[in-house]
Amino acid sequence: MCEYDPLADIYEIWSTADPAYVPCYNFYVQACSNTQGCIVELGIGTGRIAIAVAQNGNIVTGIDISSRMLEHCQTNIEHAGLDEQITLIQDDIRSFELSQKADLIILPFRSIGHLLTHDDKRTALQQVYKNLAAGGRFIFDHYIFNKQWALAHHGIPRLMHGSLDPSIGGKFIWDTYLYDFSSQRMQCFITIEKTNQNGIVIQKSHNPLTFSWILPEQVRELVMEIGFEIESVYGDFMFGSFQENSSEQIWVLRYPE
Ligand SMILES: C[S@@+](CC[C@H](N)C(=O)[O-])C[C@H]1O[C@@H](n2cnc3c(N)ncnc32)[C@H](O)[C@@H]1O
Numbered sequence: 226m227c228e229y230d231p232l233a234d235i236y237e238i239w240s241t242a243d244p245a246y247v248p249c250y251n252f253y254v255q256a257c258s259n260t261q262g263c264i265v266e267l268g269i270g271t272g273r274i275a276i277a278v279a280q281n282g283n284i285v286t287g288i289d290i291s292s293r294m295l296e297h298c299q300t301n302i303e304h305a306g307l308d309e310q311i312t313l314i315q316d317d318i319r320s321f322e323l324s325q326k327a328d329l330i331i332l333p334f335r336s337i338g339h340l341l342t343h344d345d346k347r348t349a350l351q352q353v354y355k356n357l358a359a360g361g362r363f364i365f366d367h368y369i370f371n372k373q374w375a376l377a378h379h380g381i382p383r384l385m386h387g388s389l390d391p392s393i394g395g396k397f398i399w400d401t402y403l404y405d406f407s408s409q410r411m412q413c414f415i416t417i418e419k420t421n422q423n424g425i426v427i428q429k430s431h432n433p434l435t436f437s438w439i440l441p442e443q444v445r446e447l448v449m450e451i452g453f454e455i456e457s458v459y460g461d462f463m464f465g466s467f468q469e470n471s472s473e474q475i476w477v478l479r480y481p482e
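In the numbering used here, the protein residues as written are 226 to 482.
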């Protein structure tokens with residue numbers, strides 16, 4: 226079982242609390258809009274970006290390691306009537322193989338952070354490189370790690386979602402992050418509470434999710450080592466260029482022609 230499986234039912238209501246959720250979606254949908262060929266989304270999740278990209282007329286392949294996320298994704302694809310345009314594959318970003326080289330591969334919403342070691346990230350980037358057509362692009366993003374924010378939030382539960390319906394009860398989702406600065410990792414716990422109509426907790430689960438951040442200089446070193454050309458680096462999801470004080474790093478890389 227993978228860490229995302231128990232989160233699949235709540236993924237969308239949980240993630241919408243993240244301020245990057247919508248801007249990230251808008252960025253990738255626009256970034257994909259000028260690609261004619263084969264587009265692949267790594268870590269497709271429940272499909273929100275791939276579905277919008279397919280609605281714009283593209284053929285998309287989605288890859289994810291979590292069977293439960295893929296089940297939700299398949300349901301969303303069917304509701305959108307896009308079965309013909311989107312193919313799903315259960316695979317690992319570090320070892321996927323495409324039957325046809327891609328013109329654009331995307332890895333949205335800082336999902337590179339789910340690859341926990343530097344070697345995992347290198348292996349994934351090498352795999353992307355191998356599966357790109359000449360001139361093809363790879364786009365991924367990650368936030369700029371903010372140590373002060375991390376220190377202020379270490380171990381403190383944050384409410385990500387709360388709803389209480391007097392007739393059916395409530396649902397509350399809390400995130401707690403424990404940082405390990407030396408290994409560049411954080412152990413997250415996603416706590417899901419269900420309550421009765423009176424707000425009394427009747428069911429509770431703590432779901433671990435391990436994450437690792439990456440610094441811009443580490444990305445630069447990796448992409449140069451692998452052989453990508455750097456087309457652009459954005460510092461926000463509005464296509465603003467990367468600056469010292471940017472909150473995001475969004476890399477547009479190219480397989481040389
Ligand atoms: C943060 S979610 C992003 C989902 C979607 N791209 C979005 O923007 O909403 C990360 C996704 O990556 C998947 N994932 C994590 N590690 C993976 C791996 N090694 N190989 C393939 N998918 C992976 C998870 O199962 C999850 O669906």
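In this text, a Cβ means the ideal position worked out from N, Cα and C, and glycines have one as well.
Thinking C-beta only, is residue j closer than 7 Å to residue i?
i           : j           : result
residue 370 : residue 330 : no
residue 305 : residue 337 : no
residue 479 : residue 454 : yes
residue 295 : residue 315 : yes
residue 394 : residue 422 : yes
residue 307 : residue 288 : no
residue 334 : residue 462 : no
residue 437 : residue 313 : no
residue 386 : residue 238 : yes
residue 459 : residue 439 : no
residue 323 : residue 356 : yes
residue 286 : residue 265 : yes
Could you spell out where the alpha helix (DSSP H) holding residue i opens and where it closes?
i           : result
residue 377 : 372–378
residue 350 : 343–355
residue 300 : 292–305
Go through its chain and collect everything with a Cβ distance to residue i's Cβ below 8 Å, but skip five positions before and after it.
i           : result
residue 445 : 455
residue 432 : 228, 231, 232, 414, 415, 416 and 417
residue 372 : 406
residue 368 : 245, 335, 438, 472, 473 and 474
residue 354 : 363, 451, 452, 453 and 480
Under the rule that 16 or more other beta-carbon atoms within 10 Å means buried, what is residue i, buried or exposed?
i           : result
residue 420 : buried
residue 383 : exposed
residue 379 : exposed
residue 346 : buried
residue 374 : exposed
residue 271 : buried
residue 366 : buried
residue 377 : exposed
residue 473 : buried
residue 428 : exposed
residue 400 : buried
residue 269 : buried
residue 247 : exposed
So residue i is in the beta strand (DSSP E); what residue range does that whole segment cover?
i           : result
residue 432 : 426–437
residue 252 : Premise fails: residue 252 lies in the alpha helix (DSSP H), 246–257, not in any beta strand (DSSP E).
residue 385 : 383–390
residue 479 : 473–479
residue 280 : That residue, residue 280, is in no beta strand (DSSP E); its alpha helix (DSSP H) goes 273–280.
residue 287 : 285–289
residue 260 : From DSSP, residue 260 is part of no beta strand (DSSP E); its letter is neither H nor E.
residue 315 : 311–315
For residue i, which residues in the same chain have their Cβ closer than 6 Å to its Cβ, ignoring the five residues on either side in sequence?
i           : result
residue 328 : 260, 262, 263, 358 and 361
residue 310 : 279 and 284
residue 482 : 359 and 360
Could you name the residues of the same chain whose beta carbon sits closer than 7 Å to that of residue i, not counting the 5 residues immediately before and after it, in chain order?
i           : result
residue 317 : 290
residue 457 : 477
residue 404 : 375, 379 and 411
residue 242 : 385 and 386
residue 215 : Summary: the structure shown does not reach residue 215, with the chain confined to residues 226 through 482, and so no result is reported for it.
residue 388 : 395 and 396
residue 299 : 313
Going by the DSSP bridge assignment, what does residue i pair with across the sheet?
i           : result
residue 463 : According to DSSP, which records beta bridges pairwise, residue 463 is partnered with nothing at all.
residue 410 : 405 and 437
residue 239 : Per DSSP, none; premise fails for residue 239.
residue 329 : 264 and 362
residue 339 : Answer is none; residue 339 lacks a bridge partner.
residue 172 : Residue coverage of the chain in this structure runs from 226 to 482, which leaves residue 172 outside it and unanswerable.
residue 452 : Per DSSP, none; premise fails for residue 452.
residue 400 : 383 and 415
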